[in-house]
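Each residue of the sequence shown is one higher than the last, beginning at 45 in this note's numbering.
Idealized CB from N, CA, C, for every residue including glycine.
What follows is a short report on a single structure.
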Amino acid sequence: MENKPQFQLSRLAIMSLLLLGIIALATLLPGSSRSIGYDHFLLGVSDGSITQAKAFPTNQFVTLTGVTAADKKEVRSIMLEGTYQEKVEKTPALAAKVTLTEPQQSGGILSNLFPILSLLLTLGMVVFFVTFILRSNNQGPKSAMNFGKSKARLVSPEKNDVTFRDVAGAEEEKFELMEVVDFLKNPEKYQKLGAKIPKGLLMVGYPGTGKTLLARAVAGEAGVPFYIISGSDFVEMFVGVGASRVRNLFEEAKAHAPCIVFLDEIDAVGRQRGTGFGGGHDEREQTLNQLLVEMDGFEENQGIVVMAATNRADVLDPALLRPGRFDRQIHIDLPDSKGREEILKIHTQSKPLGDDVNLSVIAKTTTGFSGAELQNLANEAALLAAREDKRYITMRDFEEARTKVQLGPEKKSRVQTEESKYLTAYHEAGHAIVARSLPTIDPVTEISIIPRGGAGGYTMHIPLEDTSYTSKTSLLDDLSVLFGGRCAEKLILNDISTGAKSDIDRASKIARAMVKEYGMSDIIGNLSFAEGEEVFLGRDMGRQMAYSQAMGDMIDAEVKNIVDAAYQKAEAILKTHLPILHRVAQALLEKETLQAYEFEALFSVGTLPEGPLNEVEARRANQKVLDDHSQRKREALLNARGLLAPS
45 MENKPQFQLS
55 RLAIMSLLLL
65 GIIALATLLP
75 GSSRSIGYDH
85 FLLGVSDGSI
95 TQAKAFPTNQ
105 FVTLTGVTAA
115 DKKEVRSIML
125 EGTYQEKVEK
135 TPALAAKVTL
145 TEPQQSGGIL
155 SNLFPILSLL
165 LTLGMVVFFV
175 TFILRSNNQG
185 PKSAMNFGKS
195 KARLVSPEKN
205 DVTFRDVAGA
215 EEEKFELMEV
225 VDFLKNPEKY
235 QKLGAKIPKG
245 LLMVGYPGTG
255 KTLLARAVAG
265 EAGVPFYIIS
275 GSDFVEMFVG
285 VGASRVRNLF
295 EEAKAHAPCI
305 VFLDEIDAVG
315 RQRGTGFGGG
325 HDEREQTLNQ
335 LLVEMDGFEE
345 NQGIVVMAAT
355 NRADVLDPAL
365 LRPGRFDRQI
375 HIDLPDSKGR
385 EEILKIHTQS
395 KPLGDDVNLS
405 VIAKTTTGFS
415 GAELQNLANE
425 AALLAAREDK
435 RYITMRDFEE
445 ARTKVQLGPE
455 KKSRVQTEES
465 KYLTAYHEAG
475 HAIVARSLPT
485 IDPVTEISII
495 PRGGAGGYTM
505 HIPLEDTSYT
515 SKTSLLDDLS
525 VLFGGRCAEK
535 LILNDISTGA
545 KSDIDRASKI
555 ARAMVKEYGM
565 SDIIGNLSFA
575 EGEEVFLGRD
585 MGRQMAYSQA
595 MGDMIDAEVK
605 NIVDAAYQKA
615 EAILKTHLPI
625 LHRVAQALLE
635 KETLQAYEFE
645 ALFSVGTLPE
655 GPLNEVEARR
665 ANQKVLDDHS
675 QRKREALLNA
685 RGLLAPS
């Protein structure tokens, strides 16, 4: 509110200058008269096509005006005074037709000064607008030319209420960072032993895993100032601005030491040098060079800890990662089931939950969710409950929110033809039956032909446990499940559709990775042809294939063999369970959505359960399906390894 009068004053000044500029232009510019050459003008006066000719001497020029006889339009011309004397005054016949008007002396000074004043006014308007824009960008009335001032936001210890209690699902990472907190609190303990705390800590992890939150928690625990700035805030269109902002940032940090400087998304400024098109004069590279110099310039135990976050550590300049700069890298993984439950507890503290809500079950069914995604899940569940005017958030709200986050909102209003519904029903039934027939596949928890997002239907699988590795058998089974929809279309309709596009894309990527990266091809063997690092512009422009053309042909052939074998496996399963395929598809056409217990009944018994179940009963029945599936999967794994005794 304090800037409002100043903003109004600036707006008033702009309007005043615009008005003055318009008046000046209107005064300087001629009216509706047309300008012509003086030879043309004098010829018209001689032959009578221009009448009412007048001459206005001003300084060393003479302005001629007249009116055309044909259309009564005013015309004008300008000539030197000497030329006027020679061509007009020395020609009596012409001079008689031109009325000479004596110059007015009263306005001589103003007429001489007015062009200068107009020029100064124009320059003033330009300076004012540039100054106003710069002030707006730098957010301060006195910072118009402060390009080099850091844009880092300072969070004082009094305003930073984030501690390690607000961070869940990262216990090992918190333990690692406690050393930094202890150093900032008790630096003497380390100085006595000659220990050096790491100058920089680089946090690497997927988006949404809590890198920024951890950095704020470190500052909150230590009770020190916290500077936060994004890597993109350093670089501007003006050369040298980024380096100047880096210097200014560390000058401020030294003045507030001990403190923490947090560089979010450091890959925006810390990418490997020499990979762009600007060469050594690239503004981003100058900024990076200054950052390297500043981190080298720290005195020991100065009390400044630099923390940075990125999800692209592979593109960072090696000079950033050497000892003495970012000495320590902390990898923040996606939370496991226990971590997800703790995160959900934090994000539901202020939300009224119903008695049926089980955060442990929700955590187990959200494998692969990051902390930010779990926060979004809790918020979506609250929004769904509020939409229905509920007093509490129920388990059903969380389940619907999970499906919405993963697949998008339902689109029940989308008009579908009967043929489209028929095709979708068999397509999704094909996916589900192949998945149910392969014990390594995660259980089918829901099948629907209601469009969500960009899909016409979906078959949802939920992992029952967190895994770090995937076997070759599981990958081959995944491929067969992906082809289940296309196989069902071909078997039942004797035709195929574009609905399998995303399935084919995923299958192709998995099969190619099996051959090129995982060494899972019997023909290619245990060789890896992966590029090793993510591609980004500059570094990869000169990269060539790491294998011959003949090897490339072998890789393509082996990928096709794996894909074809997976398709044939899916086709064989569906042919064996053809009656079940028809029953599941017909049930989908009738009910549109099948839950886990309903699909299991159709697959095992051949009919749907009698009578509708309420939410509690349905949830209990679904859980039994998941438990039975876990037992089958465990037994299949032991049997495959020869560890299961014959019954």
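Measuring CB to CB, does residue i end up less than 8 Å from residue j?
i    : j    : result
G286 : T331 : yes
L87  : A99  : no
G497 : L526 : no
P396 : I387 : no
M339 : G244 : yes
A610 : S515 : no
E432 : K448 : no
N706 : Y641 : Examination of residue 706 is not possible in this model, given that the chain is present from 45 through 691 alone.
S381 : D510 : yes
V359 : R317 : no
I568 : I606 : no
A299 : Y271 : no
L293 : A352 : no
G543 : G500 : yes
V89  : G110 : yes
R676 : P362 : no
S93  : S121 : no
L246 : L221 : no
H391 : L418 : yes
Q639 : E454 : no
F647 : I624 : yes
T411 : P507 : yes
H621 : I406 : no
A261 : D210 : yes
L228 : P302 : yes
L428 : E444 : yes
I536 : Y470 : yes
G252 : A479 : no
G254 : R384 : no
In the DSSP assignment, the beta strand (DSSP E) including residue i goes from what residue to what residue?
i    : result
A97  : I94 to T102
F270 : F270 to S274
L198 : R197 to V199
V262 : Not the beta strand (DSSP E): V262 falls in the alpha helix (DSSP H), residues K255 to A266.
V142 : V142 to L144
Would you list the residues sitting across from residue i in a DSSP beta bridge?
i    : result
I491 : T503 and L638
V111 : T95 and E118
H375 : V248
M351 : L245 and F306
F105 : T102 and L124
S79  : R120
R678 : R678 pairs with nothing; no bridge assigned.
G569 : S565
L397 : I437
R496 : E454 and A499
R315 : L360
Which first and last residues belong to the alpha helix (DSSP H) in which residue i is found?
i    : result
G126 : E125 to Y128
V337 : E327 to D340
L520 : K516 to L526
R384 : S381 to H391
K218 : E215 to K229
G286 : V285 to A299
R550 : K545 to K560
P362 : P362 to L365
A139 : P136 to A139
To the nearest whole angstrom, what separates the beta carbons of residue i and residue j, a pair I think is in contact under 8 Å?
i    : j    : result
A473 : A532 : 6 Å
P101 : E125 : 6 Å
V224 : V350 : About 11 Å; that fails the 8 Å criterion.
V628 : F643 : 7 Å
I273 : K195 : 6 Å
L335 : V290 : 5 Å
V669 : P495 : With a Cβ gap of about 25 Å, V669 and P495 do not count as contacting.
I548 : D521 : So it is not a contact: roughly 17 Å between Cβ atoms.
T143 : A114 : About 21 Å separates the two Cβ atoms, so there is no contact after all.
P242 : D371 : 4 Å
Report the residue ranges of all beta strand (DSSP E) runs contained in full by the region 615 to 662; include only those spanning at least 3 residues, in chain order. 637 to 639
Run through the region 400 to 483 for me and flag every whole alpha helix (DSSP H) of 4 or more residues, listed as ranges in chain order. 403 to 408, 415 to 431, 439 to 451 and 462 to 481
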